[in-house]
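Report on one structure; see the data block that follows.
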DNA sequence: CGGCGCAACTTACCCGGTTCAGTGACTTAC
DNA sequence: GTAAGTCACTGAACCGGGTAAGTTGCGCCG
């Protein structure tokens, strides 16, 4: 079954290929009557422009790329990426851009994928996540002149657009809330320490704790996995001077922490209050439901996609703050006994 | 920065475009010395073949499509899809195929996406999930002659390849295990009843229960979300004659069920045993960790991708059983008190 | 030594859109 | 009445790689 081309339409309409192209793209150069006739024929025979041909003649690939640089084990339960992806799609779909996905193991492999995609003109731009300090991907993207949007910051990304949320403000709010409840010994289980937003959070956490006169403040580094979350929680809870509240850098570790507390016979929130970063259905799923720092990840993703499309169009894009974070109190926080 | 083309290579090597094409594709028609020289130049200037040009000249788009037809809320925490995706990628990456993703709301929208992708020659094939009885997508795929692999079955997919796992055997094993522990009142919270694999499981569940002489057997339909899982669990547990064990059709509902039991003051596994379908880190994350029906979803996805690539190559593909399911006992199951 | 066969290329056209430089026909302007 | 301008469209080049058909040059054989 041969799929129709503009030549087929041209033949049936009795005009040239060029006229059909103008008609379909809303360009001037054809009369309104002819345009209608051509559009009707296109509709009738179910015409879709061959994306390859379109991409070849100087135009766009009309696709953007996203790499996921985490082991499949984590990707599965982290709601974050899926939320982000559905946000992208809402925006990309509206502009009939496709999203091309690739799971990679290392930043080096990720760079290779960018090179290949860009070299093959498979994509018009990429969305970069999990940004680190002095990220090796940034100079490569600049050198390739590959349109990109970095999610997470703010950091030094040169000419590349970035979009970030006020993590410092959020963690400050969480600590203030716990202190207002009466907590003095607050600990934190962080994500991967290399990541820029982890550093932002750690800095803000230390600052707000200092300003509120809290001592005994500790941040244990982890890696977003349940295993590490459990391990860190156990370390925090077996000490003699154990914290009465723990803030986790993601929901998965918070749920794991909750399980450890229950396993050790501690009551949540009676003996231990828990705050999760990034609200997700997971937080409401467990008992007690977890107090969380919520933000609309889909909207955040949509905003990122919008910025990327602007960057692809050669528009000036900068440093955008988006995705307001707010505290959603649930059953996992209470005054300490 | 102009990206290099085969014409650039040809100029530098002092040969024609055609020779370069032969050399790069391992075709006969160039001497070994020339081939090496051309490959070296390609390497040096970082050449990647323009995928659009390649796709245009009769070849393949070297991409396959996957649509996700679930609300973002669910997609986020269901490890299933991410596991599947990383499985696809392992296989697709090895053949340098890209994966194009689209989130859709309805099967009708999904069909539209297939039509567009195929019309645009953006993809060479699709992977279809969540198959229903008399699925509306099947006849469309056949009419379009779009290579496809259906995940979940076995069902009536005509000429389209399908890949499925032995769900009936798995649920039989789970029920036998619970009966061996001493349970007589076993309930089940199922996924969306329209889905083919839900029906397979329900049928097998009823059969094994009947054969073991269990009465009081009930399957409550739900939709894989935590909310529905909680609701169904509550309905099961408030009755006078409440079950001592519940089997859930996915991990998310099982975790939600666990939370409901804890909230109602029931001990798991003392008062209630819980079995989750589809093991994932989520099952080991909670307390107690959930006994689960495990299978290697990534491998399952990889197998599906392999079948799809075969279908794209015009090879005969059929009805493949893969992804052996086995029971992984953990802390959520025990003899009833 | 002519002719054959073959390796190692080159030439030229194809894929299906986009785009730009024409080309008539028709209108408007002086 | 004719030059200028506009409109609606045509024809052809182009994007970059794939490939069938044609062209060398060379070795080998009778």
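Protein chains in written order, with my numbering: chain A, 1 to 337; chain B, 1001 to 1337.
Where a beta carbon is used, it is the ideal one built from N, C-alpha and C, also for glycine.
Is the distance from the Cβ of residue i to the Cβ of residue j below 9 Å?
i: residue 1225 of chain B; j: residue 1187 of chain B; result: no
i: residue 1088 of chain B; j: residue 1305 of chain B; result: yes
i: residue 269 of chain A; j: residue 331 of chain A; result: yes
i: residue 293 of chain A; j: residue 174 of chain A; result: yes
i: residue 325 of chain A; j: residue 167 of chain A; result: yes
i: residue 138 of chain A; j: residue 150 of chain A; result: yes
i: residue 62 of chain A; j: residue 96 of chain A; result: yes
i: residue 98 of chain A; j: residue 128 of chain A; result: no
i: residue 282 of chain A; j: residue 1282 of chain B; result: yes
i: residue 195 of chain A; j: residue 130 of chain A; result: yes
i: residue 124 of chain A; j: residue 64 of chain A; result: yes
i: residue 1284 of chain B; j: residue 1256 of chain B; result: no
i: residue 1273 of chain B; j: residue 1214 of chain B; result: no
i: residue 1077 of chain B; j: residue 82 of chain A; result: yes
i: residue 1183 of chain B; j: residue 1336 of chain B; result: yes
i: residue 185 of chain A; j: residue 241 of chain A; result: yes
i: residue 60 of chain A; j: residue 1048 of chain B; result: no
i: residue 1176 of chain B; j: residue 1146 of chain B; result: no
i: residue 75 of chain A; j: residue 1086 of chain B; result: yes
Closest to residue i by C-alpha separation, out of the options, would be which residue?
i: residue 1263 of chain B; options: A:149, A:206, A:288; result: A:288
i: residue 1300 of chain B; options: B:1278, B:1314, B:1285; result: B:1278
i: residue 29 of chain A; options: A:36, A:37, A:19; result: A:19
i: residue 280 of chain A; options: B:1252, B:1094, B:1066; result: B:1252
i: residue 118 of chain A; options: B:1238, B:1112, B:1139, B:1051; result: B:1051
i: residue 144 of chain A; options: A:154, A:155, A:120, A:27; result: A:120
i: residue 1014 of chain B; options: B:1032, B:1004, B:1037; result: B:1037
i: residue 1045 of chain B; options: B:1005, B:1078, B:1024; result: B:1005
i: residue 197 of chain A; options: A:236, A:133, A:238; result: A:133
i: residue 199 of chain A; options: A:217, A:221, A:180; result: A:221
i: residue 1223 of chain B; options: B:1071, B:1146, B:1034; result: B:1071
i: residue 1254 of chain B; options: B:1049, B:1172, B:1152, B:1333; result: B:1333
i: residue 1261 of chain B; options: B:1202, B:1032, B:1234, B:1319; result: B:1234
i: residue 1250 of chain B; options: B:1201, B:1313, B:1310; result: B:1201
i: residue 1058 of chain B; options: B:1259, B:1193, B:1122; result: B:1122
State the Cα-Cα distance for the pair residue i and residue j, rounded to the nearest angstrom.
i: residue 1069 of chain B; j: residue 1104 of chain B; result: 5 Å
i: residue 21 of chain A; j: residue 39 of chain A; result: 10 Å
i: residue 1245 of chain B; j: residue 1178 of chain B; result: 7 Å
i: residue 1302 of chain B; j: residue 1296 of chain B; result: 10 Å
i: residue 160 of chain A; j: residue 317 of chain A; result: 8 Å
i: residue 90 of chain A; j: residue 236 of chain A; result: 41 Å
i: residue 101 of chain A; j: residue 1238 of chain B; result: 45 Å
i: residue 315 of chain A; j: residue 1067 of chain B; result: 31 Å
i: residue 1033 of chain B; j: residue 1094 of chain B; result: 28 Å
i: residue 141 of chain A; j: residue 158 of chain A; result: 10 Å
i: residue 1017 of chain B; j: residue 1109 of chain B; result: 43 Å
i: residue 1319 of chain B; j: residue 1092 of chain B; result: 20 Å
i: residue 967 of chain B; j: residue 1056 of chain B; result: What the structure shows of chain B is the stretch from 1001 to 1337, and residue 967 of chain B is not part of that stretch, so it cannot be assessed.
i: residue 1163 of chain B; j: residue 1307 of chain B; result: 8 Å
i: residue 31 of chain A; j: residue 169 of chain A; result: 58 Å
i: residue 1228 of chain B; j: residue 1248 of chain B; result: 11 Å
In the DSSP assignment, what are the bridge partners of residue i?
i: residue 1248 of chain B; result: B:1189, B:1276
i: residue 1132 of chain B; result: B:1195
i: residue 262 of chain A; result: According to DSSP, residue 262 of chain A bridges with nothing at all.
i: residue 1319 of chain B; result: B:1162
i: residue 66 of chain A; result: A:101, A:127
i: residue 1327 of chain B; result: B:1293
i: residue 149 of chain A; result: A:127, A:161
i: residue 220 of chain A; result: A:189
Taking 8 Å as the line, does the beta carbon of residue i fall inside it for any heavy atom of the ligand COA?
i: residue 1285 of chain B; result: Because no ligand of any kind appears in the structure shown, any question about the ligand COA cannot be addressed here.
When we look at the beta-carbon of residue i and count the other beta-carbons within 10 Å, is it buried (16 or more) or exposed?
i: residue 275 of chain A; result: buried
i: residue 1298 of chain B; result: buried
i: residue 1190 of chain B; result: buried
i: residue 136 of chain A; result: exposed
i: residue 1009 of chain B; result: buried
i: residue 1025 of chain B; result: exposed
i: residue 216 of chain A; result: exposed
i: residue 1106 of chain B; result: exposed
i: residue 153 of chain A; result: buried
i: residue 7 of chain A; result: exposed
i: residue 1210 of chain B; result: exposed
i: residue 1079 of chain B; result: buried
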